[in-house]
Amino acid sequence: MRKPTFVIVALAASCACPPKQPAPQLAPAVAEPAPPPPPAPPPEPSHDEVLAGQAEKFVADMDGVLRKLFVDASVAEWANETDITDEHEAAAAKANQAQADGITQLIKDARRFDPILDKLDPDTRRQLMLLRFAGQPAPDDPKLSAELAKIAEDMTSIYGKGVCTKVKVKGKDTEQCKIVDDYSKILQDSHRPAELLAAWQTWHDGIGHEEHDLFARYVELANAGARAVGFKDVSEQWRGGYDMSPDAFEADVDRLWTQVKPLYDQLHCYTRRVLNKKYGDKVVPRTGPIPSHLLGNMWAQTWGYLYPDLEPYKGVAAIDVTPVLEKKFPVKPDPVESAKQMVKIGEAFYVSLGMDPLPATFWERSMFVQPPPPRKVVCHASSWDVTYSDDLRIKMCIKPDQEDLFTIHHELGHSYYFQAYYKLPIIYQQGANDGFHEAIGDTIQLSMTPAYLHEKGLLAKVTSDDKATINAQMKVALEKIAFLPFGLMVDKWRWDVFSGKVTPDQYNQHWWDLKLKYQGVAPPIPRSAADFDPGAKYHVAANVPYMRYFLAAVLQFQFHRALCKKAGFTGPLHECSIYGNKEAGAAYQAMLALGASKPWQDALYELTGERDMDASAILEYFAPLQKWLEDQNKGQACGW
Ligand SMILES: [Zn+2]
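Residues in the sequence shown are numbered from 25 upward in steps of one, following our numbering.
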């Protein structure tokens, strides 16, 4: 067994060199020996030196303060998400509020070191820098601060509660609510445009209208909080957390998008044609954007549910391990044991790379399946280090199907990142940038090739011909390529909102302008300034930054290419699996162990030898599909 090794960089002491001693007085040529001069008093440390010493102490103390805030909030959140009760909910809200207040206070206290940041040792400076991005700061005025917290909570709960209507049950007025999953299911399964439109509109109107005014006020208050700690606005704070200037980061994501746009355009073109054939010119015009209610997803962000319509070669080499999983890991009689066995498959992948088995506590403390009623839980899969001390857990409602097998590998990517860096100062216990964290497990998914699944006894036979390759790539592209422009536009919209570039009456129009520009999709019915369609997306309602998902979608292919190179693989990128390769594993581990202790460019370099994010690995991976799409689209007027 191999423990993760850490290289904690020795702190380069800041230059506290004493000022030069005055030149010694020359003694007169002939004189009585003078009595020795009184010893010079030790030089007074300069103001900057005193401050630098205080900064080092501040950072050391900060670790303890943050640790308590983070652990308290995380313990309370875990309790609530695995057992939703009024009591747990109140405790979680309280701990989250304490965390937000505590972080804001620390950021404010740390501002006195701003003038000497350049003179601090790199480690102290980095920890102070990361602190500024540790959360949404609260405005100075406690009344406004409380209002901000209240609005944030209200928006999340409006979204979570869903669209509610009054119905009569046994003659009594009763409220009945449908959540996003209920409407999403219709978008996934139905083939009737009217039914799809009704589901789309009910959700967008129901949630959006209720969120509109709250969100506009939220923007004002959140900006006040950002200004109170020295940012221009929230936009500057969000764009600034990437070890480069906010403007440089913005230019960087645009560059990445330019790289992959040609592939997206081909996928869009082919998809539009198939949908046009299916629904006719009236519903899907041959040119222009695709109406966004027809893509199998509420926000048109992934198109995987269209695969049966878009499958390039019908019935060729269907890669679906679900039937085998259902047989091997039956829900009865012991669902927990079956779910654990599926997680063991994921663990075995990481262990095959040379990483440690998961700690015993992982198996005792995780939530693997949905508990029986009346207990309520948040089933949405997530991965935790609850006490920031290798206290790894996942929370999932595992079913024996392919999607969940892949999700397990995604979640364990987070777990192994936590495990690699949990001994670092707490502010470093995060991804090199927020895109890294989401990319770790997804990178492993790219190694779950048909050949790998066959080796694990999950796939009876492997068909390796061109048609099977195109089918398999289409399936992945409908998730990962379709997602790219959406992953990009959500925060492009929010950056413009927080910076004041667009005003509340323009919110909805700007949302659709960006959806048109990047995704090539349009609202299915005319929209107005009274609508607030962004509010119908969880991450907007819950104020979770989104650019990380775009970055992760790019980084996972870049990581995959680098790991395959380390593993000595020389074939086409989509056929590479690093399963069982210790060299690739060691390189991955070395990057993970850095956490956020270095700029992300250094972490990326550690693994890939490159200092820039680069989407060319996506094009390399999907080269067969891109060629196939270009052939299919020949002579078509692509674009919108
Ligand atoms: Zn994740």
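We treat Cβ as the ideally placed atom computed from N, Cα and C, and that holds for glycine. From a predicted model like this one, the values you see are computed outputs, not experimental measurements.
What's the gap between the Cα of residue 335 and the Cα of residue 364?
Locating residue 335 in the sequence shown gives position 311, where the first residue counts as 1. Locating residue 364 in the sequence shown gives position 340, where the first residue counts as 1. So the two alpha carbons sit approximately 33 Å from each other.
Taking the C-alpha atoms as reference points, what is the distance between residue 645 and residue 294?
Here residue 645 corresponds to residue number 621 of the sequence shown, with the count starting at 1. Here residue 294 corresponds to residue number 270 of the sequence shown, with the count starting at 1. Answer to the nearest angstrom: the Cα atoms are 19 Å apart.
To which residues does DSSP link residue 202 through a beta bridge?
If you number the sequence shown from 1, residue 202 lands on position 178. Its beta-bridge partners are 187.
Do residue 64 and residue 140 come within 8 Å of each other at the CB atom, strictly closer than that value?
Walking along the sequence shown from the start, residue 140 turns up at place 116. Walking along the sequence shown from the start, residue 64 turns up at place 40. For residue 140 and residue 64, no; Cβs fall outside 8 Å.
Does the stretch 581-600 come within contact of the stretch 611-619, defined as at least 3 CB pairs closer than 8 Å?
yes
Indicate the three-state DSSP secondary structure (helix, strand or coil) for residue 546 in the structure shown.
Translated into positions along the sequence shown, residue 546 becomes position 522. Three-state DSSP puts residue 546 in a strand.
Taking DSSP as the reference, what is the three-state secondary structure of residue 49?
For this step, residue 49 is matched to residue 25 along the sequence shown. Legend: pLDDT at residue 49 = 39, less than 50; position of this residue unreliable, value from coordinates given subsequently. Coil.
Between residue 668 and ligand 1, is the CB less than 7 Å from at least one heavy atom?
An answer regarding residue 668 cannot be provided, because it is not within the stretch 25 to 664 covered by the chain.
Comparing the CB of residue 438 with every heavy atom of ligand 1, is any distance shorter than 7 Å?
Position 414 of the sequence shown, counting from 1, holds the residue named residue 438. Answer for residue 438: yes, Cβ within range of ligand 1.
Flag this pair as yes or no: are the beta carbons of residue 438 and residue 468 separated by less than 8 Å?
Within the sequence shown, numbered from 1, the residue matching residue 438 stands at position 414. Within the sequence shown, numbered from 1, the residue matching residue 468 stands at position 444. Not in contact: residue 438 and residue 468 (Cβ atoms no closer than 8 Å).
Any idea if residue 632 is buried or exposed, counting beta-carbon neighbours within 10 angstroms, 16 or more meaning buried?
In the sequence shown, counting from the first residue as 1, residue 632 sits at position 608. Per the 10 Å Cβ criterion, buried.
Give the straight-line distance between the Cα atoms of residue 349 and residue 368, rounded to the nearest whole angstrom.
In the sequence shown, residue 349 corresponds to position 325, counting from 1. In the sequence shown, residue 368 corresponds to position 344, counting from 1. Going from the Cα of residue 349 to the Cα of residue 368 covers about 13 Å.
Along the beta strand (DSSP E) that carries residue 418, what are the first and last residues, could you check?
Taking the sequence shown and counting its residues from 1, one reaches residue 418 at position 394. Counting along the chain, the beta strand (DSSP E) containing residue 418 begins and ends at 416-419.
Let me see if you follow: with CB-CB separation under 8 Å, is residue 312 close to chain B or not?
In the structure shown, chain B cannot be found, because there is only a single protein chain.
Kindly examine ligand 1 and report whether one of its heavy atoms sits closer than 7 Å to the Cβ of residue 462.
Locating residue 462 in the sequence shown gives position 438, counting from the first residue. Yes, the beta carbon of residue 462 sits closer than 7 Å to at least one heavy atom of ligand 1.
For ligand 1, is there a heavy atom less than 7 Å away from the beta-carbon of residue 404?
Residue mapping note: residue 404 aligns to position 380 of the sequence shown, counting from 1. Checking every heavy atom of ligand 1 against the Cβ of residue 404, none is found closer than 7 Å.
Supposed contact pair residue 204 and residue 224 - C-beta distance, whole angstroms, cut 8 Å:
Here the question's residue 224 lines up with position 200 in the sequence shown. Here the question's residue 204 lines up with position 180 in the sequence shown. With 8 Å as the limit, residue 224 and residue 204 do not qualify as a contact, their Cβ atoms being about 12 Å apart.
Do the stretch 232-251 and the stretch 177-187 meet, that is, are 3 or more Cβ pairs less than 8 Å apart?
yes
Assuming residue 323 contacts residue 506 (C-beta within less than 8 Å), just tell me the rounded distance between them.
Taking the sequence shown and counting its residues from 1, one reaches residue 323 at position 299. Taking the sequence shown and counting its residues from 1, one reaches residue 506 at position 482. Actually they are not in contact, since the Cβ atoms of residue 323 and residue 506 sit about 11 Å apart, beyond 8 Å.
Check whether the Cβ of residue 434 lies closer than 7 Å to any heavy atom of ligand 1, and answer yes or no.
Sequence index remark: in the sequence shown, residue 434 carries index 410 (1-based). Indeed, a heavy atom of ligand 1 lies less than 7 Å from the Cβ.
Flag this pair as touching only if the stretch 447-462 and the stretch 620-636 have three or more C-beta atom pairs under 8 Å; answer yes or no.
yes
Nearest to residue 449 (by Cα), restricted to the options 145, 112, 413:
Here residue 449 refers to the residue found at position 425 of the sequence shown. Checked all of 145, 112, 413; the closest Cα to residue 449 is 413.
7 Å Cβ shell around residue 344 - same chain, five flanking residues per side excluded
Within the sequence shown, the letter at position 320 stands for residue 344. So the list reads 426, once near-sequence residues are dropped.
On the criterion of 16 or more Cβ atoms from any shown chain inside 10 Å, does residue 313 qualify as buried, or is it exposed?
Taking the first residue of the sequence shown as position 1, residue 313 is located at position 289. So residue 313 ends up on the buried side.
Is the beta carbon of residue 401 sitting closer than 8 Å to the one on residue 148?
Here residue 401 refers to the residue found at position 377 of the sequence shown. Here residue 148 refers to the residue found at position 124 of the sequence shown. Not closer than 8 Å, so no.
Using CA atoms only, rank isn't needed, just tell me which of 267, 545, 403 is closest to residue 153.
Along the sequence shown, one-based indexing puts residue 153 at 129. With distances taken between Cα atoms, residue 153 lies closest to 267.
First through last residue of the beta strand (DSSP E) which encompasses residue 409:
For this step, residue 409 is matched to residue 385 along the sequence shown. Run containing residue 409: 406-409, per the beta strand (DSSP E) assignment.
CA-to-CA distance, residue 85 to residue 325, given in whole angstroms
The residue given as residue 325 occupies position 301 in the sequence shown. The residue given as residue 85 occupies position 61 in the sequence shown. If you take the alpha carbons of residue 325 and residue 85, they lie about 43 Å apart.
Work out the CA separation of residue 568 and residue 244 for me, nearest whole Å.
Here residue 244 corresponds to residue number 220 of the sequence shown, with the count starting at 1. Here residue 568 corresponds to residue number 544 of the sequence shown, with the count starting at 1. Rounded to whole angstroms, residue 244 to residue 568 spans 17 Å at the Cα level.
What are the start and end residues of the alpha helix (DSSP H) that includes residue 372?
Locating residue 372 in the sequence shown gives position 348, counting from the first residue. 359-376 is the span of the alpha helix (DSSP H), which, as asked, contains residue 372.
Determine, using beta carbons only, whether residue 362 and residue 424 come nearer to each other than 8 Å.
As a first step, residue 362 must be located in the sequence shown, where it is residue number 338. As a first step, residue 424 must be located in the sequence shown, where it is residue number 400. Cβ distance < 8 Å, so residue 362 and residue 424 count as in contact.
Alpha carbons only, please: which of 162, 588, 503, 535 is nearest the one belonging to residue 517?
As a position in the sequence shown, residue 517 is number 493, starting the count at 1. Residue 517 has its Cα closest to that of 535, out of 162, 588, 503, 535.
Residue 444 to residue 391, Cα distance in whole Å?
Counting from 1 along the sequence shown, the entry for residue 444 is found at position 420. Counting from 1 along the sequence shown, the entry for residue 391 is found at position 367. Using only the alpha carbons, I get a separation of about 22 Å.
By a C-beta neighbour count over all protein chains shown, 10 Å radius and 16 as the cutoff for buried, is residue 600 buried or exposed?
Residue numbering aside, residue 600 sits at position 576 when the sequence shown is read from its first letter. The residue in question, residue 600, is buried, as its Cβ has 16 or more Cβ neighbours within 10 Å.
With DSSP collapsed to three states, give me the class of residue 193.
Along the sequence shown, one-based indexing puts residue 193 at 169. Three-state result, residue 193: strand.
Taking all protein chains shown into account, decide if residue 558 is buried (16 or more other Cβ within 10 angstroms of its Cβ) or exposed.
For the purposes of this step, residue 558 is taken as the residue at position 534 of the sequence shown. So residue 558 ends up on the buried side.
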